[in-house]
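Numbering of the sequence shown is given in full-length UniProt numbering, commencing with residue 1 and proceeding in unit increments.
Just so it is clear, CB atoms sit at the ideal spot from N, CA and C, and this is done for glycine as well.
Keep in mind the model is a prediction, meaning the values are calculated, not measured.
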Amino acid sequence: MPVRWKRAMIVWSSRSTIAQRVLYGVRIAFGFIFLLFADAVMRLRKVEHEKESTRIVDEHSLCQQKLQKFYAQRNTYLTGITMFLGLILISTHSLIAQLSENADASAAPRLVSSGPRSSKAETERLKGELAKARKEIEELNRKDRDMETLKKQAESSHKEYMRLADECEKLQKQLDTSNESKKDA
């Protein structure tokens, strides 16, 4: 779906009285489903208790008992899943309502001003922001150039240091060899 349609549906669902009534009906249905779930759990326990307390002799009563247990389990699972989905539906609606409220709060300053004068003011404000952003970009580019220059200077200083260290080592070796030759003589 297009973004406009999604946004319109979200705003409608969070503000519409019809959607609020539907949500109210879902909450009431959720209450009934909870009662059905509690009844299904009690019926399942009752069937299990009857199975433990009675001895079954014939095949028909055993089949009947297994059928009752199956129905009780089925009802428990169905009502439990329905309750879970109802909770998801209610929480999703509340999240959508919060999102639309936050979006409206951030968009409110834009919507307050309307008309040709406000669009000119908005254009001027955007031009000012654009100029400020361009200045920041120029400053960042200048800093990048300075950083590159500093890196090149550090690299050349390192090369010079290594050259001087090698030269110092050569001179040190020459001095050591000349001292040894003087000691031998």
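If the criterion is Cβ atoms closer than 7 angstroms, does the pair residue i and residue j meet it?
i: Lys-66; j: Val-47; result: no
i: Ala-97; j: Ser-16; result: no
i: Phe-30; j: Gly-80; result: no
i: Ser-100; j: Ile-10; result: yes
Which term fits residue i, buried or exposed, when burial requires 16 or more other beta carbons within 10 angstroms of its beta carbon?
i: Phe-37; result: buried
i: Ala-40; result: buried
i: Ala-72; result: buried
i: Ile-33; result: buried
i: residue 214; result: The first residue shown for the chain is 1 and the last is 185, placing residue 214 beyond what the model contains.
i: Thr-76; result: buried
i: Val-112; result: Here the model assigns Val-112 a pLDDT of 49, short of 50, so the residue's position is not dependable, and the following value carries that caveat. Answer is exposed; the Cβ neighbour count stays below 16.
Starting from residue i and walking both ways along the alpha helix (DSSP H), at which residues does that stretch end?
i: Thr-17; result: 17-53
Mapping the DSSP letters down to three states, classify residue i as helix, strand or coil.
i: Val-11; result: helix
i: Met-1; result: coil
i: Ile-137; result: helix
i: Ile-90; result: helix
i: Ile-96; result: helix
i: Asp-58; result: coil
i: Thr-177; result: helix
Run the proximity test for residue i: is its beta-carbon closer than 6 angstroms to any non-hydrogen atom belonging to the ligand SAM?
i: Lys-182; result: No copy of the ligand SAM occurs in the structure displayed, which carries no ligand at all.
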